[in-house]
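Numbering (my numbering), first residue to last: 25 to 110.
We put the CB at the ideal spot given by N, CA and C, even for glycine.
Note that the structure is predicted; figures quoted are calculated from it, not measured.
The block underneath contains the structure these notes are about, expressed in structure tokens.
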């Protein structure tokens, strides 16, 4: 009897998709998710991934040059002190 391989899931580090700006198929560096507002109450048992929610629009970008806005919108400038409680 044959042994079936188990599904490994998506390798997000090596993900190749069509860039939303330039239209070339390249490795995804940045993703933008537009999630619509929900009108129902929060239920932790109903947690789904963002791409599985109905009405979500996903944009893939191959570099910061293709991504809309400036570099400050896509890079975090947090330091360790920002997360300490006083």
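Residue i, buried or exposed, once every other Cβ within 10 Å from all chains shown has been counted against 16
i	result
residue 46	exposed
residue 85	buried
Contact under 8 Å by Cβ, residue i with residue j
i	j	result
residue 82	residue 55	yes
residue 105	residue 80	no
Cut-off 8 Å between Cβ atoms - residues of its own chain near residue i, not counting five sequence neighbours on either side
i	result
residue 51	38, 39, 40 and 86
residue 49	40, 41, 42 and 43
Spatial neighbours of residue i in its chain, beta-carbon cut-off 6 Å, leaving aside the 5 residues before and after
i	result
residue 91	54, 85 and 98
residue 95	88
residue 102	none
Notebook entry, point to check: Hey, which unbroken runs of the beta strand (DSSP E) at 3 residues or more fall wholly within the segment 78-110?
Noted result: Runs of the beta strand (DSSP E) inside the segment 78-110: 81-85.
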